[in-house]
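S.K.: Sending over a structure as structure tokens; questions will come in a sec.
Right, here's the structure in full:
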């Protein structure tokens, strides 16, 4: 539940200069960068109808990062949130905090249920496995100075072999799970689906892998993106619009050489 879109305005200035009284009562301010993990916090806030303020510079990733750096100079990252006077980073931890404060049993399977283990597994798998392996592959290609598609060679010649399974195994694991469960929370949508959405849509492209052939993954993406809270969140998180894959119009395409931006019809 967005109270005031404060794009490009430091929170203190917005509160002092133009925020109505209702906005001053919001405990949560989200420092956002478009197409980054801060979308997770926005989405959860919309699902739970948590009042929040949003701070970023539309279409300006570097400018949005500078706003974050002002708030959290030692660890500037997205998301950074200010909640009840304290500053926090790490999307998974922020989601857990907000669930404990506002969830009232929502978006987490009941204690003792078979689905609870699935929920916690995927809450942590998103960053601890999926995104870790994607970025390990990307960094291996950079260190070895080879294309991302040659990463197995990179692990052998540019980086000491790690023995880790790669990103294709991650997607095979995810695809198998979704063949038996509609959501990462098991039978029902949970915060694990919010965590996994960014990982599912980012890990493959980051590692140079085509993920279009995973039919259960594609069906899950369609289900969760149809949720009204997601639709509200993406409208706020990407005010310049987005293409059919959720990429922000006019925003830089990661790792493109030469540099390019996402074009929208």
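In the numbering used here, the protein residues as written are 13 to 277.
All C-beta atoms, glycine included, are put in the ideal place defined by N, C-alpha and C.
(1) Exposed or buried, residue 136, counting other C-beta atoms within 10 Å across all chains shown (16 or more means buried)?
(2) Between the Cα of residue 258 and those of 275, 78 and 268, spot the shortest distance and give me the residue it belongs to.
(3) Where DSSP assigns a beta bridge to residue 229, which residues make up the other side?
(4) Give me, in chain order, the residues of the same chain whose beta-carbon lies closer than 6 Å to that of residue 57; leave out the 5 immediate sequence neighbours on both sides.
(5) Give me, in chain order, the residues of the same chain whose beta-carbon lies closer than 7 Å to that of residue 223; leave out the 5 immediate sequence neighbours on both sides.
(6) Return helix, strand or coil for residue 183, following the three-state DSSP convention.
(7) At the level of alpha carbons, what is the spacing between residue 243 and residue 237?
(8) Is the Cβ-Cβ distance between residue 196 and residue 204 less than 8 Å?
(9) CA-CA distance, residue 189 and residue 226?
(10) Does the Cβ-Cβ distance between residue 39 and residue 100 come in under 8 Å?
(11) Give me whichever residues DSSP pairs with residue 3 in a beta bridge.
(12) Can you look up residue 269 in the DSSP assignment and give me helix, strand or coil?
(13) Measure the C-alpha to C-alpha separation of residue 192 and residue 140 and round it to an integer number of angstroms.
(14) With three or more beta-carbon pairs closer than 8 Å as the criterion, would you say the segment 117-130 touches the segment 66-79?
(15) Quick check on DSSP: helix, strand or coil for residue 94?
(16) By how many angstroms is the C-alpha of residue 90 removed from the C-alpha of residue 48?
(17) What is the DSSP secondary structure of residue 101, reduced to helix, strand or coil?
(18) Pick out whichever of 50, 59 and 55 has its Cα sitting closest to the Cα of residue 67.
(19) Anyone know if the C-beta pair for residue 73 and residue 45 falls short of 8 Å?
(20) Buried or exposed, going by whether 16 or more other CB atoms sit within 10 Å of the CB of residue 234?
(21) If the criterion is Cβ atoms closer than 8 Å, does the pair residue 220 and residue 70 meet it?
(22) What are the start and end residues of the alpha helix (DSSP H) that includes residue 60?
(23) Apart from the five residues just before and just after residue 55, which ones in its own chain have a Cβ nearer than 7 Å to its Cβ?
(24) Could you tell me whether the Cβ atoms of residue 131 and residue 214 are closer together than 8 Å?
(25) Using only alpha-carbon positions, find the residue among 105, 87, 199 and 231 that is nearest to residue 212.
(26) Quick check: the Cα distance between residue 111 and residue 262, rounded to an integer number of angstroms?
(27) Over what stretch of residues does the beta strand (DSSP E) that includes residue 40 continue unbroken?
(28) How should residue 86 be labelled, buried or exposed, when 16 other C-beta atoms within 10 angstroms of its C-beta is the threshold for buried?
M.R.: This is what the structure gives:
(1) Here residue 136 is taken as the residue at index 124 of the chain shown, counted from 1. The residue in question, residue 136, is exposed, as its Cβ has fewer than 16 Cβ neighbours within 10 Å.
(2) Taking the first residue of the chain shown as position 1, residue 258 is located at position 246. When each option's Cα is compared against that of residue 258, the closest is 275.
(3) Numbered from 1 along the chain shown, position 217 holds the residue referred to as residue 229. Residue 229 is not bridged to any residue.
(4) Position 45 of the chain shown, counted from the first residue, corresponds to residue 57. The residues are 64.
(5) Numbered from its first residue, the chain shown carries residue 223 at position 211. Excluding five sequence positions before and after residue 223, the CB atoms of its chain that fall closer than 7 Å to its own CB belong to 183, 216 and 229, given in chain order.
(6) Along the chain shown, one-based indexing puts residue 183 at 171. Here residue 183 sits in helix by DSSP.
(7) Within the chain shown, residue 243 is the residue found at index 231, counting from 1. Within the chain shown, residue 237 is the residue found at index 225, counting from 1. Near 7 Å, if we compare the C-alpha coordinates of residue 237 and residue 243.
(8) Numbered from 1 along the chain shown, position 184 holds the residue referred to as residue 196. Numbered from 1 along the chain shown, position 192 holds the residue referred to as residue 204. The answer is yes: Cβ separation under 8 Å.
(9) Looking up residue 189 in the chain shown gives position 177. Looking up residue 226 in the chain shown gives position 214. Computed Cα separation, rounded: 12 Å.
(10) The count along the chain shown starts at 1 and reaches residue 39 at position 27. The count along the chain shown starts at 1 and reaches residue 100 at position 88. In this structure, residue 100 does not lie closer than 8 Å to residue 39 by Cβ.
(11) Outside the modelled stretch of the chain, which goes from 13 to 277, sits residue 3, for which no answer is possible.
(12) What you label residue 269 is simply residue 257 of the chain shown in a count that begins at 1. The answer is coil: DSSP assigns residue 269 none of H, G, I, E or B.
(13) To locate residue 192, count along the chain shown from 1; it is residue 180. To locate residue 140, count along the chain shown from 1; it is residue 128. Whole-angstrom Cα-Cα distance: 23 Å.
(14) With the rule of 3 Cβ pairs closer than 8 Å, the segment 117-130 does not count as touching the segment 66-79.
(15) Here residue 94 refers to the residue found at position 82 when the chain shown is read from its first residue. Strand, per DSSP.
(16) Position 36 of the chain shown, counted from the start, is the residue given in the question as residue 48. Position 78 of the chain shown, counted from the start, is the residue given in the question as residue 90. For residue 48 and residue 90, the distance between alpha carbons rounds to 7 Å.
(17) Your numbering for residue 101 matches position 89 in the chain shown. Residue state, collapsed to three classes: strand.
(18) Here residue 67 refers to the residue found at position 55 of the chain shown. Out of 50, 59 and 55, 50 has the C-alpha closest to the C-alpha of residue 67.
(19) Walking along the chain shown from the start, residue 73 turns up at place 61. Walking along the chain shown from the start, residue 45 turns up at place 33. In this structure, residue 45 lies closer than 8 Å to residue 73 by Cβ.
(20) For the purposes of this step, residue 234 is identified with residue 222 of the chain shown, where counting begins at 1. Residue 234 is exposed by the Cβ-count criterion.
(21) In the chain shown, residue 220 corresponds to position 208, counting from 1. In the chain shown, residue 70 corresponds to position 58, counting from 1. Taking the C-beta atoms as reference points, residue 70 is found no nearer than 8 Å to residue 220.
(22) As a first step, residue 60 is located in the chain shown; it is residue number 48 there, counting from the start. 50-60 is the span of the alpha helix (DSSP H), which, as asked, contains residue 60.
(23) The residue you call residue 55 lines up with position 43 of the chain shown. Here the set comprises 206, 241, 242 and 245.
(24) Sequence index remark: in the chain shown, residue 131 carries index 119 (1-based). Sequence index remark: in the chain shown, residue 214 carries index 202 (1-based). Taking 8 Å as the Cβ cut-off, residue 131 and residue 214 do not qualify as a contacting pair.
(25) As a first step, residue 212 is located in the chain shown; it is residue number 200 there, counting from the start. Ranked by how close their Cα comes to the Cα of residue 212, the residues 105, 87, 199 and 231 have 231 in first place.
(26) The residue you call residue 111 lines up with position 99 of the chain shown. The residue you call residue 262 lines up with position 250 of the chain shown. Just so you know, the alpha carbons of residue 111 and residue 262 end up roughly 33 Å apart.
(27) Mapped onto the chain shown, residue 40 falls at position 28. First-last of the beta strand (DSSP E) with residue 40: 40-43.
(28) If you number the chain shown from 1, residue 86 lands on position 74. Under this definition residue 86 is an exposed residue.
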